[in-house]
Amino acid sequence: MRAVVYHGPGNQAWEEVPDPEIIGDGDAIVRVDAVTICGTDLHILKGDVPAVRSGRILGHEAVGTIEEVGDGVQTLAPGQRVLVSCISACSGCRFCREGRYGQCLGTGGWILGHKIDGTQAEYVRVPFADTSTYLVPAGVSDEQILMLADILPTGYEVGVLNGRVRPGDVVAVVGAGPIGLSAIMGSRLYSPGHVVAIDLADSRLDAAKQFGADVVINNDREDAVAAVRDLTGGLGADVAIEAVGVPATFELATQLVRPGGHIANIGVHGKPALLHLEDLWIRNVTITTGLVDTYSTPTLLRLAQGHQIDAGRFVTHYFTLDQFEEAYDVFSRAADTGALKVVLSAPG
Ligand SMILES: NC(=O)c1ccc[n+]([C@@H]2O[C@H](COP(=O)([O-])OP(=O)(O)OC[C@H]3O[C@@H](n4cnc5c(N)ncnc54)[C@H](O)[C@@H]3O)[C@@H](O)[C@H]2O)c1
Ligand SMILES: [Zn+2]
Ligand SMILES: [Zn+2]
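Written out as structure tokens, the structure is:
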């Protein structure tokens, strides 16, 4: 088969590799029908994720068809269509028992395209298949399903639910990439008073309006803290969601929040950020962090099926699997191309 193979920083290729085989009895082999590229794949290509070794097949999001299952697989059969989640769950460890699959102690967690070969391929081996895939419900398109493999649960769990968004809240989202937009879409489910999107790029702020932000602030030109204070009678946002992953935006989130409010950090940080406890201690703020667990995937599938979220809206570009090179190029130049999410489908 063919797959996107990582050959060290800045170097990946769509090339011929051996077909995957069942190794554990809980494994399934899934034929990939559609797959996407994540911002994290770009981090890997920059060399920011050293656990990814040369020779690894990239990708941790897919929708596909079960081709073969191991002897221990109980709920899946060849021919069934499944969402392959970015997080695998052994289901037996302490954290899986608590629904914290991202922290799985039993060789699950984020493994696809990281510690084992991933989904940017014609076929992928999925360990713990019973608990790491979700049957595709009727009436939901491949591209909608794909958005549920990573970005939507991330924005919803690590942003909206950790941030405890409630009806009437003013929610400030710093960063309007796919993750920030997912947090905006998820916040809308709770009837917020205002959703404020903050970004340096006007194109991303235009997207934020389409995803449900009613106030947009370009913090290159405007003072975001002053604008949010104006909107909230001087208090600040009830919930500030950080969806960028640099020190400046975490510090901005801590300045945006009102006393007693919640700061939900989603961004993956590579450098230390300053925590101004000397200002924050007296303001009763709560700060949460997290890697997505994907415990919300069944809920999001129902919301997509019931048209309560429009997951397909993220998709800006379509390709076939053999166009990976072009797809990576378009996705990595999002500021020029307007890319939010790209979908690569198997031909035919
Ligand atoms: N916690 C998790 O489980 C998890 C999962 C997936 C992704 N992430 C992380 O979430 C973050 C966002 O992901 P994405 O795919 O949306 O990224 P992205 O790069 O597409 O979007 C980031 C946005 O932030 C904006 N931005 C950059 N600097 C800014 C600043 N100083 N002020 C305001 N806006 C600024 C950019 O213009 C861009 O629109 C990344 O750090 C990613 O690694 C976390
Ligand atoms: Zn991802
Ligand atoms: Zn586990």
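Taking our numbering, I'd label the letters of the sequence shown as residues 201 to 548. Positions of the beta carbon are idealized from the N, C-alpha and C atoms, including for glycine.
Can you list, in chain order, the residues of its chain with a C-beta nearer than 8 angstroms to that of residue i? Leave out the 5 residues immediately preceding and following it.
i    : result
E357 : G490, V492, D493, T494, Y495 and S496
A546 : R231, V232, D233, A234, E322, T520 and L521
V542 : T236, I237, V515, T516, H517, Y518, F519, A527, V530 and F531
K409 : A397 and V416
D420 : L400
L435 : R429, R458 and P459
P209 : L245, K246 and G247
My understanding is that residue i touches residue j, with C-beta atoms under 8 angstroms, so please give their C-beta distance in whole angstroms.
i    : j    : result
L348 : A504 : 7 angstroms
S187 : V360 : Within the shown structure, residues of the chain are numbered from 201 to 548, placing residue 187 beyond reach of any answer.
D219 : G470 : Incorrect: roughly 35 angstroms between the Cβ atoms, too far for contact.
V485 : G461 : 6 angstroms
A397 : A426 : Actually they do not touch by this definition, with Cβ atoms about 16 angstroms apart.
L540 : A407 : 6 angstroms
Q320 : F524 : 7 angstroms
G412 : M385 : 6 angstroms
Whose C-beta lies closer than 6 angstroms to the C-beta of residue i among residues of the same chain, with five residues either side of it excluded?
i    : result
A453 : V374, A440, E442 and I463
H207 : S254
H148 : The structure shown has nothing for residue 148, since the chain only spans 201 to 548.
G548 : none
T488 : N362 and A464
G355 : I379, S382, A383 and G386
D241 : L258
Leaving out the 5 sequence neighbours to the left and right, which residues in its chain are closer than 7 angstroms to residue i when beta-carbon positions are compared?
i    : result
V365 : V371, S387, Y390, P392 and V439
E216 : R202
C290 : C296, C304, G306, T307, G308 and F328
G226 : G270, G272, V273, P327, F328, A329 and D330
V336 : V263, R281, V282, L283 and I345
P353 : V492, T494, S496, T497 and L500
G318 : I257, L258, G259, H260, L312 and V324
V444 : V374, G375 and G467
Taking its Cβ as the centre, do 16 or more other Cβ atoms sit within 10 Å of residue i, making it buried, or is it exposed?
i    : result
T236 : buried
H260 : buried
P378 : buried
D536 : exposed
Q508 : exposed
P278 : exposed
R502 : exposed
I223 : exposed
N211 : exposed
R294 : exposed
W310 : buried
A437 : buried
G299 : exposed
G302 : buried
L544 : buried
Closest by CA to residue i, which one among the options?
i    : options                   : result
D423 : D399, R404 and A413       : D399
I316 : C304, L258 and R294       : L258
I266 : V396, V326 and D420       : V326
V446 : Q508, A473 and R231       : A473
R256 : L312, I222 and I229       : L312
F514 : V395, G434, G380 and P498 : G380
T516 : L435, G299, E343 and V204 : E343
T432 : V395, L405, G506 and Y528 : V395
L276 : E298, R300 and A228       : A228
V252 : V205, C293, Y301 and R533 : V205
A534 : V457, G363 and R404       : R404
D430 : G506, V457 and V324       : V457
R483 : S288, E221, P459 and N465 : P459
S382 : E478, L480 and A511       : A511
G506 : Q455, A338 and E298       : A338
D479 : Q455, E268 and G239       : Q455
I351 : G239, G363 and E268       : G239
G538 : V428, D402 and L475       : D402
H314 : I487, L245 and N418       : L245
Using a Cβ-Cβ distance cut-off of 8 angstroms, determine whether residue i contacts chain D.
i    : result
L405 : Absent here is chain D; the protein component of the structure consists of one chain.
Cβ contact (3+ pairs, closer than 8 angstroms) linking the segment 315-335 and the segment 284-297: Segment contact: the segment 315-335 against the segment 284-297, three or more CB-CB distances shorter than 8 angstroms; contact assigned.
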